[in-house]
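**Student:** Take 1 as the starting number for the sequence shown in full-length UniProt numbering and just add one per residue.
The structure follows.
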Amino acid sequence: MKKGSATVAQLSEFDEIIDVRSPAEFADDHIPGAVNMPVLDDAQRARVGTIYKQVSPFEARRIGGALVAENLARHLHAHFQDKPKHWRPLVYCWRGGQRSGAFVTWLRMVGWDACQLEGGYKNFRRMVIDALAQQPATLDFRIIGGATGSAKTRILEALAAAGAQVLDLEGLASHKGSVLGALPGVAQPTQKKFETALHAVLSRFSPDRPVYVEAESRKIGRVHLPTELMEAMRGSPCFAIDASREARIEFLLRDYAYLGDDVADLQRKLGCLNRIISNETLARWQDYAAVHDLPALFTELVDQHYDPLYKRSQNSNYVRFGDAIHVSTDDLSPSGIIAIADAILAKTPVRADAR
1 MKKGSATVAQ LSEFDEIIDV RSPAEFADDH IPGAVNMPVL DDAQRARVGT IYKQVSPFEA
61 RRIGGALVAE NLARHLHAHF QDKPKHWRPL VYCWRGGQRS GAFVTWLRMV GWDACQLEGG
121 YKNFRRMVID ALAQQPATLD FRIIGGATGS AKTRILEALA AAGAQVLDLE GLASHKGSVL
181 GALPGVAQPT QKKFETALHA VLSRFSPDRP VYVEAESRKI GRVHLPTELM EAMRGSPCFA
241 IDASREARIE FLLRDYAYLG DDVADLQRKL GCLNRIISNE TLARWQDYAA VHDLPALFTE
301 LVDQHYDPLY KRSQNSNYVR FGDAIHVSTD DLSPSGIIAI ADAILAKTPV RADAR
């Protein structure tokens, strides 16, 4: 390894990680904790790339070099004036090339022990993909299943509060998983960013303790779960939350109350069901949305859509669901959810059955 460079395995050794790619590249995904200090912004990067292809590589480097120098000077003035001599940053770009190389050169000329990440973000991304293919098989998953409205995410939160290891996939995906699951004002992460966050969480788990996770389908909104994780979950021991219909509808009305704030958006989401329900039913549900009659809407959604779908899918998706440990309740209030979490912990064997 050449002087002034570092590998992905050394990320924790640095005081700061600096991503010098464009803002769009950074938004797509980045190393957790990195700060974005682009040497070329999105428009500049596009301009230099066009010149490279249409004019010549030399002309692109001549113009790009001037832009990089201007941006480097701005970053040095704005961000680095208070950094002590012993401050040690790690800098990366797409593949450890000229952008991060230029940044590191200037930082080292000042006197800081700056290093360039070998292979850049591309190497980091490869590490994430490789790890996600291996990590799930090392963990002892316990699946929390139950019909829609069983407060599974809230149960995971209660388990986490009790000290259990919890994988909140819907939290990482910023989506509740159903046709109505988009969160108001919250964009879902890109697939790459979701996988980076997932890898970071899985890396913190101990293989000697259970990891509780909600039964999910392969896709949560627009992101999908890695195949290896899905396979590990589908072969894992299960808990089934048997909550009463009335308790589930009451919980849904609390948990999805915000849907009544934007009638047009709710009607658009319901419209996504047009291929699997009749036009008459869809029209009625959209009428409920128009007059803010969420109790009638959720009651029919549970009875005519969610429950039939759950009955069709759960046993086929999770091979050990037939042997699930059942937890029954008619109380999905905050205290009732804590009681469910306590029951799950009490009924969890010390070690998982052999897969």
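Backbone N, C-alpha and C fix where the C-beta goes; we use that ideal spot for every residue, glycine too.
Here the structure is a predicted model, which is why all the values come from computation and not from measurement.
Given 8 Å as the limit, is there contact between the stretch 115-134 and the stretch 208-223, that is, 3 or more CB pairs closer than that?
**Tutor:** With a cut-off of 8 Å, the stretch 208-223 and the stretch 115-134 do not count as touching, because too few Cβ pairs lie within range.
**Student:** Counting only runs that start and end within the stretch 229-301, where is the alpha helix (DSSP H) found for 4 or more residues in a row?
**Tutor:** With a minimum length of 4 residues, the continuous alpha helix (DSSP H) runs that stay inside the stretch 229-301 are 245-255, 263-271, 279-290 and 294-301.
**Student:** Determine the DSSP secondary structure at alanine 343, reduced to helix, strand or coil.
**Tutor:** Here alanine 343 sits in helix by DSSP.
**Student:** Does DSSP put leucine 332 in a helix, a strand or coil?
**Tutor:** Leucine 332: coil per DSSP, three-state reduction.
**Student:** Helix, strand or coil for tyrosine 318 per DSSP?
**Tutor:** Here tyrosine 318 sits in coil by DSSP.
**Student:** On the criterion of 16 or more Cβ atoms from any shown chain inside 10 Å, does glutamine 98 qualify as buried, or is it exposed?
**Tutor:** Glutamine 98 is exposed by the Cβ-count criterion.
**Student:** So, under 8 Å CB-CB, residue 377 and aspartate 242 are touching, yes? Tell me the CB distance rounded to an integer number of Å.
**Tutor:** The shown model of the chain, from 1 to 355, leaves out residue 377, and the question about it has no answer.
**Student:** Return the residue from the list Asp303, Asn274 and Val291 that minimises the CA-CA distance to valine 263.
**Tutor:** Nearest of Asp303, Asn274 and Val291 to valine 263, Cα basis: Val291.
**Student:** With a threshold of 6 Å on Cβ separation, who are the neighbours of arginine 355 within its own chain once the five nearest residues in sequence on each side are excluded?
**Tutor:** Per-residue confidence for arginine 355 stands at a pLDDT of 42, beneath the threshold of 50, marking its modelled position as unreliable; the derived number appears in the next sentence. Excluding sequence neighbours, arginine 355 sits near Gly235.
**Student:** Among Gly65, Pro38 and Val39, which has the Cα closest to the Cα of isoleucine 51?
**Tutor:** Of the listed residues, the one whose Cα sits closest to isoleucine 51 is Gly65.
**Student:** For the beta strand (DSSP E) that arginine 142 lies in, which residues bound it at each end?
**Tutor:** Start and end: 140-146.
**Student:** Tell me the rounded alpha-carbon separation between aspartate 353 and tryptophan 87.
**Tutor:** Since pLDDT at aspartate 353 reaches only 46, below the 50 mark, its modelled position is unreliable, and the value read off the structure follows with that caveat. Cα to Cα, the separation comes out at about 49 Å.
**Student:** Do valine 211 and the ligand SAM come close, with the Cβ less than 7 Å from some heavy atom?
**Tutor:** For the ligand SAM, the structure offers nothing, since it holds no ligand at all.
**Student:** Compare the beta carbon distance of phenylalanine 239 and glycine 145 with 8 Å and say whether it is the shorter of the two.
**Tutor:** Yes. Within cutoff.
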